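In this note's numbering, each residue's number is its place in the first sequence (first place is 1) plus 20.
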Amino acid sequence: MIRVRFAPSPTGFIHVGNARTAVFNWFFARKNKGSFILRIEDTDVERSTRESEKLLMEDLRWLGIDWDEGPDVGGDFGPYRQSERIEIYKKHAFELIEKGYAYFCFCSVEELEKEREKILSLGGIPKYSGKCRNLRIEESIERVKKGEKAAIRLKVPSDQEVIFRDIVRGDLKFSTNFIEDFVLLRSNGFPSYNFACVIDDKYMRITHVIRGEDHISNTPKQILVYRALGWDYPEFAHLPMVLGSDGTRLSKRHGATSLDQFRGGGYLPEALMNYLSLLGWSSPDGREVLEIDEIVKAFELERVGKSPSIFDYEKLKWINRQHIRKVPIERIVEECIPYLREEGFLPPVLKDSHKKWLFSAIQAVISNLETLKDVKKEFQIFFYFKPEEMDEESKKLVLEESSKRVISKLFSKIKDLDYVGWDEFSAMVKEVGEELKIKGKELFHPIRVALTSKFSGLELKSFVPLIEDGSKIEFPLKILNVKERMERTLRFISGD
RNA sequence: GCCCCCAUCGUCUAGGGGACUAGGACACCGCUCUUUCAAGGCGGCAACACCGGUUCGAAUCCGGUUGGGGGCGCCA
């Protein structure tokens, strides 16, 4: 039974790089019918909050990741918050002291800091001196009993090699000579990352540790802990980094980086997941726009690449567009509603008439949507109509003599009608053309501008019915119909 | 500085000794469809970092150089 975990620390929003790690773990678990475990690494008391833990889980769920075991859903190997497992870590840290594989360290943080700076300034390797390593154990225990603060460090053996196989990278080799006696248990009683991680992965029966490349150098340290404890260790797979456009670590400077920003930015979760899957992995059949279950089916760690990838917002947008076109339009309508409310285009309660209109309107603009959020700007054409604010290009066109004649003529045919259907409308446009001997662009373009105040946009065939129908429905911002729009444009042209 | 990892179009990638004239996708450019703009369709530009070795044959294997990235906390 394959068991993997995603182990974030609840210190802020979830970064897409971390999300990618979560997603790959999840794909691997689902593909192999294994378990995906969510473990909260909240041993940094200063920075961890329950609030971020909550947000983190919400964001993960939004993305489409579910977990079989975790702090909120429970499981047989909990608790799943490290802060609730302190006794377990202590027990094993003391066990290592007893076995002689670890020792108490009484150096203060300030002292160590000073030492490190000194070594660094001399161009040396910042490595703990091992000062407390040879303290007599009886004496150390005595000091601890008296209440002196002490951390516990691992006695890292010298001249040994740690070799492990990484599923992505093959055999990796490290000499223990470059590993210092790192801290297992901090003087505040909390475990360090490299210790807690080992204990938890063992207790939770993790079979595959899939994490970012930035953890490669932690792996030999953790293996040393496994060895000292006499435990076998899981398989490792280190995923390549996700970088920003300039090749440095992806950060705010490059654009959106947290899951909630993509959510708010109008991305479909399956599109983001799809895009994330393409960072370091590719489908054997070469297709890129994939349903989640297709990815699960095809996913293999063996197909994960070794080199870092740059996060490409353009391609994400393109993938998002593909997914927008793929899912049922009802869902797109549903997802667009919050954005439209935000703009004040929709009332708090939607009647059937609203829904019906909305459906047609979304259908009309859907091919222009790169993100769901784009619906806001696409819908302006329905709710805002201000001839006096039209751009120079449109103004110039509409003020031409022939344009004026076209618009007036068409208006004279429409002005007594209560409703203009598309067939009727296009028949009248045709008549106008014949009567004025104007055709083509010269005929159509002025009409477009008269109706939208914009030089380009939706095709009139869908636009005209939408404003005609829309004008009969009650919206917070009234939709003007053909007649009203032409009237206003005419007034603008004549200079009133 | 030290340790480790990585290297195919601008970007994501396929490829794993002969199938390579190196394939696909995004972006970009052009054409087309459309009496607008997009979207769509078609086409184009564009890469094996460098040097050496192994081999009949190297993008592919080996070594080095260069470049990039990661790590070196009582953070995770």
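We put the CB at the ideal spot given by N, CA and C, even for glycine.
What you are looking at is a predicted structure, and each value in this text was computed from that prediction instead of being measured.
Please work out which residues of its chain come closer than 7 Å, Cβ to Cβ, to ILE534, disregarding the five sequence neighbours upstream and downstream, and give them in chain order.
-> An answer regarding residue 534 cannot be provided, because it is not within the stretch 21 to 516 covered by the chain.
Euclidean distance between Cα positions of ASP280 and ASP79 | In the first sequence, counting from the first residue as 1, residue 280 sits at position 260. In the first sequence, counting from the first residue as 1, residue 79 sits at position 59. The straight-line gap from Cα to Cα measures roughly 6 Å.
Exposed or buried, TYR223, counting other C-beta atoms within 10 Å across all chains shown (16 or more means buried)?
-> Along the first sequence, read from residue 1 onward, the residue named residue 223 stands at position 203. Its Cβ having fewer than 16 others within 10 Å, TYR223 is exposed.
Specify the secondary structure class of ARG508 as computed by DSSP and reduced to three states.
-> Taking the first sequence and counting its residues from 1, one reaches residue 508 at position 488. In the structure shown, ARG508 adopts helical secondary structure according to DSSP, grouped into three states.
For VAL203, write down the residues that DSSP places opposite it in a beta bridge.
-> Within the first sequence, numbered from 1, the residue matching residue 203 stands at position 183. According to DSSP, VAL203 bridges with ARG173.
If PHE256 and ASP186 are in contact, beta carbons under 8 Å, what's the gap, nearest whole angstrom?
-> Within the first sequence, residue 256 is the residue found at index 236, counting from 1. Within the first sequence, residue 186 is the residue found at index 166, counting from 1. Contact holds; Cβ gap of about 5 Å.
Does the Cβ-Cβ distance between VAL51 and VAL316 come in under 8 Å?
-> Counted from its first residue, the first sequence places residue 51 at position 31. Counted from its first residue, the first sequence places residue 316 at position 296. What sits at residue 51 in the sequence shown is Lys, not Val. Result yes, Cβ atoms of LYS51 and VAL316 sit closer than 8 Å.
Cα-Cα separation, GLU363 to LEU378 = For the purposes of this step, residue 363 is taken as the residue at position 343 of the first sequence. For the purposes of this step, residue 378 is taken as the residue at position 358 of the first sequence. A straight line joining the alpha-carbon of GLU363 with that of LEU378 spans about 15 Å.
Cβ-based neighbour list, ARG153, same chain, cut-off 7 Å, excluding 5 preceding and 5 following = Here residue 153 refers to the residue found at position 133 when the first sequence is read from its first residue. Correct list, in chain order: TYR123, LYS175 and ASP201.
Where GLY150 sits in the DSSP three-state scheme | Locating residue 150 in the first sequence gives position 130, counting from the first residue. Coil.
Bridge partners - GLU181, DSSP secondary structure assignment | Numbered from 1 along the first sequence, position 161 holds the residue referred to as residue 181. DSSP, once it has assigned bridges, lists SER195 as partnering GLU181.
According to the neighbour-count rule (16 or more other Cβ atoms, all chains shown, within 10 Å of its Cβ), is ILE161 buried or exposed?
-> In the first sequence, residue 161 corresponds to position 141, counting from 1. Burial call: exposed.
Assuming PRO260 and HIS228 make a contact with CB atoms under 8 Å, what is their CB distance in whole Å?
-> Sequence index remark: in the first sequence, residue 260 carries index 240 (1-based). Sequence index remark: in the first sequence, residue 228 carries index 208 (1-based). Not a contact, Cβ separation roughly 17 Å.
Who are the Cβ neighbours of TYR359 in its own chain at under 8 Å, not counting the five residues just before and after it?
-> Your numbering for residue 359 matches position 339 in the first sequence. So the list reads GLY286, LEU392, LYS393, VAL395 and LYS396, once near-sequence residues are dropped.
Apart from the five residues on each side of it in sequence, which residues of its chain come closer than 7 Å, Cβ to Cβ, to GLY90?
-> Along the first sequence, one-based indexing puts residue 90 at 70. Excluding residues within five positions, the ones whose Cβ falls inside 7 Å are ILE57, LEU58 and TYR100.
So, ASN214 versus ASN238, is the Cβ gap smaller than 8 Å?
-> Taking the first sequence and counting its residues from 1, one reaches residue 214 at position 194. Taking the first sequence and counting its residues from 1, one reaches residue 238 at position 218. In contact: ASN214 and ASN238 (Cβ atoms closer than 8 Å).
From what residue to what residue does the beta strand (DSSP E) around CYS125 run?
-> Here residue 125 refers to the residue found at position 105 of the first sequence. Note, CYS125: beta strand (DSSP E), 122-125.
Quick one: grab the DSSP three-state call for SER423.
-> Counted from its first residue, the first sequence places residue 423 at position 403. It is helical.
May I ask which residues mark the beginning and end of the alpha helix (DSSP H) holding HIS465?
-> Numbered from its first residue, the first sequence carries residue 465 at position 445. Its alpha helix (DSSP H) spans residues 461-472.
Contact set for GLY120: own chain, Cβ-Cβ below 7 Å, skip 5 residues either direction = As a working mapping, residue 120 is identified with position 100 in the first sequence. Correct list: empty, nothing qualifies.
Report back the beta-carbon spacing between HIS374 and LEU417 to the nearest angstrom; my notes put them in contact at under 8 Å.
-> What you label residue 374 is simply residue 354 of the first sequence in a count that begins at 1. What you label residue 417 is simply residue 397 of the first sequence in a count that begins at 1. With a Cβ gap of about 34 Å, HIS374 and LEU417 do not count as contacting.
Limits of the unbroken alpha helix (DSSP H) element including ILE236 | Along the first sequence, one-based indexing puts residue 236 at 216. Taken as a continuous stretch (DSSP letters only), ILE236 belongs to no alpha helix (DSSP H), as it is neither H nor E.
Since HIS258 sits in a beta bridge, which residues does DSSP pair it with?
-> Here residue 258 refers to the residue found at position 238 when the first sequence is read from its first residue. DSSP, once it has assigned bridges, lists ARG231 as partnering HIS258.
Provide the residue span of the beta strand (DSSP E) that contains SER446, from first to last.
-> Start at 1 with the first residue of the first sequence, and residue 446 comes out as number 426. For SER446, no beta strand (DSSP E) segment is defined; the enclosing uninterrupted segment is the alpha helix (DSSP H) at 442-456.
From LEU497 to ILE344, what distance separates their C-alpha atoms?
-> Residue mapping note: residue 497 aligns to position 477 of the first sequence, counting from 1. Residue mapping note: residue 344 aligns to position 324 of the first sequence, counting from 1. Near 27 Å, if we compare the C-alpha coordinates of ILE344 and LEU497.
Beta-carbon contacts of TRP87 that lie in its chain and below 7 Å, excluding the five residues immediately before and after | Along the first sequence, one-based indexing puts residue 87 at 67. Answer for TRP87: PHE56, ILE57, LEU58 and VAL93, listed in chain order.
How many whole angstroms separate the CB atoms of GLU168 and PHE210, which I take to be in contact at a CB cut-off of 8 Å?
-> Within the first sequence, numbered from 1, the residue matching residue 168 stands at position 148. Within the first sequence, numbered from 1, the residue matching residue 210 stands at position 190. Going by Cβ atoms, the distance from GLU168 to PHE210 rounds to 17 Å, so no, they are not a contact pair.
Can you give me the start and stop residues for the beta strand (DSSP E) that SER103 sits inside?
-> Start at 1 with the first residue of the first sequence, and residue 103 comes out as number 83. Segment: none, SER103 is in no beta strand (DSSP E) and carries neither H nor E.
Is the beta carbon of TYR439 less than 8 Å from the beta carbon of GLU488?
-> For the purposes of this step, residue 439 is identified with residue 419 of the first sequence, where counting begins at 1. For the purposes of this step, residue 488 is identified with residue 468 of the first sequence, where counting begins at 1. The answer is yes: Cβ separation under 8 Å.
Output the distance between the C-alpha atoms of ASP305 and TYR246, rounded to the nearest integer angstrom.
-> The residue given as residue 305 occupies position 285 in the first sequence. The residue given as residue 246 occupies position 226 in the first sequence. Distance between the alpha carbons of ASP305 and TYR246 is about 40 Å.
Contained beta strand (DSSP E) runs [length at least 3] in the region 33-120, N- to C-terminal order = 55-58
Using DSSP bridges, identify the partner residues of VAL24.
-> Locating residue 24 in the first sequence gives position 4, where the first residue counts as 1. VAL24 pairs with PHE56.
For ARG231, count neighbouring C-beta atoms within 10 Å of its own C-beta (all shown protein chains included) and say buried if the count is 16 or more, exposed if not.
-> Here residue 231 refers to the residue found at position 211 when the first sequence is read from its first residue. Buried.
Provide the residue span of the alpha helix (DSSP H) that contains TYR404, from first to last.
-> The sequence position of residue 404 within the first sequence is 384, counting from 1. From DSSP, TYR404 is part of no alpha helix (DSSP H); its letter is neither H nor E.
Once you ignore the five residues that flank GLU233 on each side, which residues in its own chain have a CB closer than 8 Å to its CB?
-> Numbered from its first residue, the first sequence carries residue 233 at position 213. Hits under 8 Å: HIS258, LEU259, PRO260, MET261 and PRO328.
Identify which residue in ARG67, ARG206 and ARG189 has its Cα closest to the Cα of SER128.
-> One-based indexing of the first sequence puts residue 128 at position 108. Residue ARG206 is the option with its Cα nearest to SER128.
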